[in-house]
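A.B. asks:
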Amino acid sequence: MNQLVEAFLFPKTSLNERQIAKAFNKKTVLITGASSGIGKEMAFLFANATCHLLLVARDHERLDEVKRVVEQKQNATVSIYALDLRDESAREHFLHTIQKETDGIDVLLSNAGLSIRRSIYESLNRFHDVKRTLNINYEAPAAIVMSMLPLLEKRGGQIVNVSTINCQLPPMSHFAAYQASKSAFDTWLRSVTPEVKKRGMNVTSIYLPLVRTPMIAPTKRYEKMPAMSPEQAAIKIIDATIKQKKRYEPWWLTFAKLYSSRKVSL
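When you number the sequence shown by the working numbering, it's gap-free, plus one each residue, and the end is 1336.
1. Once DSSP output is grouped into helix, strand and coil, what is the label at HIS1142?
2. Looking at the structure shown, is ALA1127 part of a helix, part of a strand, or coil, going by DSSP?
3. Whole angstroms are fine: how far does the CA of GLN1144 sit from the CA of GLN1228?
4. Determine the burial state of THR1324: buried for a count of at least 16 other Cβ atoms within 10 Å of its Cβ, exposed for fewer.
5. Per DSSP, which one or two residues make a beta bridge with TYR1151?
6. Taking the alpha helix (DSSP H) that VAL1075 belongs to, which residues open and close that run?
7. Determine the direct distance from the alpha carbon of GLU1265 to that of LYS1316, and round the result to whole angstroms.
8. Just verifying my parser: in three-state terms, what is the DSSP assignment at ARG1202?
9. Give the secondary structure of THR1378 by DSSP, where H, G and I count as helix, E and B as strand, and everything else as coil.
10. Considering only residues of the same chain and omitting the five flanking positions on each side of ASP1134, which have a CB-CB separation below 8 Å?
11. Run through DSSP, which three-state label would ILE1175 get?
12. Identify, in the order they occur along the chain, each residue of the same chain with its Cβ nearer than 6 Å to the Cβ of GLU1076, setting aside the five sequence neighbours on each side.
13. Going straight from the alpha carbon of THR1083 to that of ILE1305, what length do you get?
14. Quick one: residues in its chain with C-beta nearer than 8 Å to the C-beta of ILE1090, no 5 flanking neighbours on either side, listed in chain order?
15. At the level of alpha carbons, what is the spacing between GLU1141 and VAL1148?
16. Who are ILE1101's beta bridge partners in DSSP?
17. Would you kindly work out how many angstroms separate the C-alpha atoms of LEU1336 and ASN1236, rounded to a whole number?
18. Go through its chain and collect everything with a Cβ distance to LEU1165's Cβ below 6 Å, but skip five positions before and after it.
19. In whole angstroms, what separates the C-alpha of VAL1136 from that of SER1193?
20. How far does the beta strand (DSSP E) with VAL1022 in it reach, from first residue to last?
21. Could you give the C-beta distance for TYR1292 and ILE1286, rounded to a whole number, given that I count them as a contact under 8 Å?
22. Specify whether the segment 1177 to 1185 and the segment 1085 to 1105 touch according to this definition: at least 3 beta carbon pairs, one from each stretch, less than 8 Å apart.
23. If I follow the unbroken alpha helix (DSSP H) through GLN1089, where does it start and stop?
24. Might you give, ordered along the chain, the residues of its own chain that have their beta carbon closer than 6 Å to the beta carbon of ASN1086, omitting 5 neighbours on each side?
25. Could you work out which residue in ALA1160, HIS1244, ALA1212 and VAL1200 is closest to TYR1191 when comparing CA atoms only?
See the structure below:
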């Protein structure tokens, strides 16, 4: 039954290898959160393109494995950067390195993130939950975009923010730190979009539903809930990137917004 519900809620999008190879030929693509889940699947999709991938994540061993799999196809070249983007000094060193080693970026796929589901009454002595979600979901991507803008402008590049449908819905109980931090970057990026577009760049916002990634594993209630596969999420993101869409969201989100607003008003 769950498979039928998922097929209804998350209709598949298909991309063939030629589309990707043509769209990203000789392009430089930076992906954060690239060692697992959606980020890893996006990297695999680029394996048939003659492009340069800059992959960023904390786990060097997993990044190295992604690099090995991608480069087996002998089309894409891969550079990996293992660091915790919440570490400001490590992040600054990484950004400085990119500035020195790269003469331009065509696509920035901002995908790294952290989700926390916890009652406020279980968080009274855990203010670090607020700080660490804010750091990875807002501060880090904002810092990366600000640093990368000159490199993106050189190529008439594209910023793609992998966000969540929570940013489009009323606030949800138990997700205060997560939803606030994701909404902060979403608002920040939408605010700078007009300025960025004047300089010849594009911005795409991706509002994903629940995706079955390692990030949701600690929440047991998600095990039986309908969820998009990371492979299909990656395809949706790359499809929206190729078409330079302003946004992607599930077809049913409009109805969810209406239901949520009605429920709040009651």
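The C-beta atom is built at its ideal place from N, Cα and C for all residues, glycine as well. Predicted, not measured: the structure shown is a model, and the values here were computed from it.
C.D. replies: For this structure:
1. Looking at the sequence shown, residue 1142 is not His but Gln. In this structure, GLN1142 counts as coil in the three-state DSSP scheme.
2. strand
3. 25 Å
4. exposed
5. VAL1126
6. 1072 to 1079
7. 15 Å
8. helix
9. There is simply no residue 1378 to check, as the chain begins at 1071 and stops at 1336 in what is shown.
10. ILE1150
11. coil
12. PRO1296
13. 7 Å
14. LEU1115, PHE1116, ASN1118, ALA1119, ILE1308 and ILE1312
15. 7 Å
16. LEU1125 and LEU1179
17. Residue placement at LEU1336 is flagged as unreliable, the pLDDT there being 43, under the threshold of 50; a coordinate-derived value is accordingly withheld.
18. SER1217
19. 35 Å
20. Given a span of 1071 to 1336 for the chain in the structure shown, any question on residue 1022 remains unanswerable.
21. 5 Å
22. yes
23. 1087 to 1093
24. none
25. HIS1244
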